[in-house]
Amino acid sequence: MQNKELIKTIILVILVLMSGVLTYMTWNFSPDLANVDNQTDKDKQTHAIGKPLNQGMEQVVTPYQIIHSKGEDTEGVTATKDNVKTMLDPLMDQRVTRAERMHSQHNLIIPDLSDDFVVLDFTYDMPLATYLGQSLNISAKIPNNFKFNRLLIDQSHNGKVQLYAVSKDRHDVVRMTTTAKTSKLKQALSSLNKKMQPYTEIITSKDTIDKATHIYAPDDPKGLKSYRTIYNRISVDAMNAILFNDSLVVRSAKSGTTTYNNNTGVANYNDETERYRYTNLSEDEDRSNNMKDTIPSTFDYINSHGGFTDDFRLFSTNNDSGELTYQLFLNGRPTFNEKDLNQIKVSWSEKGIFSYARSLLKTNVTIDSGDSETDLPGAEEVRSSLANNRTIDFEKVTDLAIGYTMNDKPDNKDIEIQRNSEFTPQWYVEYDGKWHPYKDGRLE
């Protein structure tokens, strides 16, 4: 009997001690927050395909060329990110103190434009309020819903910069007086001066006969290099994690296309082309064509998961369908590819992303191809050839630019096929709203 009581006492003591230890551990417990943070970071990384841009929308919504017109001399420079930043710095964080809209039924003439001004050309039209507010952080009260694709930077009599936003049809302009200093503008031009090359002024129609509305193109492009890019691949799982919020049904087809879907969306991925396209099925509303919302919203969405994996820039805006195209640039020049491997196409709706299409390739390294440098025909030769081509309505030529043709070249010699492309310089012409490669006097 005494032994039983002794055992009970010992067990009771042990239980009391264990209770004390557990109470102490509970009160003094400190979770390993470092590990939790690390796990959270890992989760976030699985929902990203690259690093977000560390600056604002001005890295993606940019001009494609910078022109300086001074008297009879016209020079220009490619729109590398450094060149664009240098030119725009004098305008950043300023204010518009006065704005006035002007309209012309015929050729647009700006009477007070000086003979020394800068032209920023864009390949798309966009709301002026969006560009000033989102890209330049300029405070401005300007006409609602005005769209532009050319910005003239001029100097006023009081030492302040004056801006002229010109509409795509060259019949409307908004004149803006700013707080930006002319002295800062001159400093920016001075730093770009040594990079400038001669440019030609081209007239294609009655809408381009004034110095404010000419088409500008490189005068005599010579010594242009070709480049070769080797790619890494973006994981399909990473894209699905970004765009889908729950489990997926996966279906494969003999054509090499795999379909992923759930109750909210569907995506298709093609192994051969390495193109991925997502459509949101949960959006009852049609895609939005309000570019004041679509441009900043798509930028924020793509950038939030590091989607601008290379030098992608806004290249076209479709005001009817609401679709935007972000296109790959190389050394400040646009690239072109028949399979759209150089594009991100995206549209927005009232509630969020509506569609999203892109190649799942991103640059690993870009090097000089080693080929001989290329001399392209001069801008005047291109103009003359197009004007004399009976199959072309020359008045429908709205822009000329040097870009890079992206030729897809898989290397089958590698044990694991390494996807790569060669970029070769070529003239491109915007004709009737679409860009075409120019070769031997014709548009391809």
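Numbers in this note's numbering are just positions in the sequence shown, counted from 1, shifted up by 7.
All C-beta atoms, glycine included, are put in the ideal place defined by N, C-alpha and C.
Here the structure is a predicted model, which is why all the values come from computation and not from measurement.
Taking the alpha carbon of residue i as the reference point, which residue from the options has its own alpha carbon closest?
i    : options                : result
F315 : T305, A394, T324       : T305
A224 : Q62, Q66, D176, Q72    : Q72
L98  : D179, P59, T186, D89   : T186
D447 : G230, Q433, S323, L60  : Q433
D382 : D226, Y131, V257       : D226
P118 : M298, M109, L393       : M109
V436 : G78, V243, D400        : D400
L196 : R282, N326, S289, V91  : V91
A172 : V181, A147, T324       : V181
N471 : R426, G385, S233       : The structure shown does not extend to residue 471, since the chain spans only 8 to 451, so no value can be given for it.
Q62  : S76, K88, I160, P205   : K88
Y238 : H54, P59, M413         : M413
L159 : L135, N152, N151       : L135
I409 : S392, G339, G377, S362 : G339
V7   : V126, A245, L288       : With the chain covering only 8 through 451, there is no way to say anything about residue 7.
L331 : Q350, T342, N344, W442 : Q350
D439 : S428, T405, D415       : T405
M133 : S391, P303, L368, A386 : P303
L170 : V389, E107, T373       : E107
D300 : P384, L393, K346, S356 : S356
D389 : I222, H54, L348        : Sequence inspection shows Val at residue 389; the Asp mentioned does not correspond to that position. Checking every option, the nearest Cα to that of V389 belongs to I222.
H54  : V168, E65, N310, A86   : N310
Could you check how far apart the C-beta atoms of residue i and residue j are, in whole angstroms? I think they sit under 8 Å.
i    : j    : result
L255 : N269 : 5 Å
F430 : Y411 : 4 Å
S95  : L143 : Residue 95 is actually Leu in this sequence, not Ser. With a Cβ gap of about 7 Å, L95 and L143 count as contacting.
R177 : T220 : 5 Å
H75  : M203 : 6 Å
Y283 : T264 : Actually they do not touch by this definition, with Cβ atoms about 11 Å apart.
I209 : L407 : 7 Å
L335 : F319 : 6 Å
S163 : T93  : That belief does not hold up - the Cβ atoms of S163 and T93 are roughly 21 Å apart, past 8 Å.
V243 : L367 : 7 Å
K346 : T280 : 6 Å
CA-CA distance, residue i and residue j?
i    : j    : result
S328 : R294 : 7 Å
Q52  : S190 : Since pLDDT at Q52 reaches only 42, below the 50 mark, its modelled position is unreliable, and no value is offered.
L450 : S354 : 29 Å
D375 : Y131 : 30 Å
I84  : V67  : It is worth fixing the name first, because residue 84 is Val in this sequence and not Ile. Spanning the two alpha carbons is a distance of roughly 18 Å.
S379 : A364 : 35 Å
M459 : G377 : Past the edges of the chain, shown from 8 to 451, lies residue 459, and the structure says nothing about it.
T137 : L115 : 24 Å
N296 : N325 : 8 Å
D317 : N252 : 26 Å
Y234 : G140 : 36 Å
H312 : K58  : 7 Å
F124 : P150 : 23 Å
A245 : T69  : 28 Å
D214 : K261 : 52 Å
L231 : K148 : 43 Å
N247 : I241 : 11 Å
K358 : T271 : 13 Å
E402 : A386 : 16 Å
T207 : K218 : 11 Å
H443 : N396 : 15 Å
L348 : S392 : 30 Å
Q194 : A86  : 18 Å
T342 : P384 : 19 Å
D50  : T373 : Interpretation of D50 is limited by its pLDDT of 40, a score under 50 that renders its predicted location unreliable; the figure taken from the coordinates is listed afterwards. So the alpha carbons of these two residues sit roughly 30 Å apart.
E65  : A394 : 36 Å
D179 : N200 : 30 Å
Below 9 Å between beta carbons: does that hold for residue i and residue j?
i    : j    : result
I145 : D100 : yes
K154 : S174 : yes
T184 : T104 : yes
I360 : Y285 : yes
D122 : G166 : no
L127 : D161 : no
Y129 : N152 : Residue 129 is actually Phe in this sequence, not Tyr. Contact: no.
T236 : S428 : yes
T81  : P205 : yes
N344 : D278 : no
Y333 : F322 : yes
S362 : K369 : no
If we cut at 9 Å on Cβ distances, does residue i have a partner in chain B?
i    : result
S121 : Chain labels in this structure do not include chain B; a single protein chain is all it has.
Should residue i be listed as close to the ligand FAD, given that the test is whether its C-beta is under 8 Å from any heavy atom?
i    : result
M298 : As far as ligands go, the structure on display features none, and thus does not contain the ligand FAD.
>> As an exercise, report each continuous alpha helix (DSSP H) stretch of at least 4 residues that is fully enclosed by the segment 221–303, in chain order.
In response: Taking only runs of at least 4 residues, the alpha helix (DSSP H) segments lying wholly in the segment 221–303 are 243–250.
>> Going residue by residue through the segment 359–399, where are the continuous alpha helix (DSSP H) segments of at least 4 residues, counting only ones entirely within it?
In response: Runs found: 386–394.
> Where in the segment 51–100 do unbroken runs of the alpha helix (DSSP H), each at least 4 residues long, occur, reported from the N-terminal end onward?
Replying inline: The qualifying runs are 88–95.
> Which parts of the segment 138–202 are runs of the alpha helix (DSSP H), unbroken and 4 residues or longer, counting only runs that do not cross its ends?
Replying inline: Counting only runs of 4 or more, we get 189–199.
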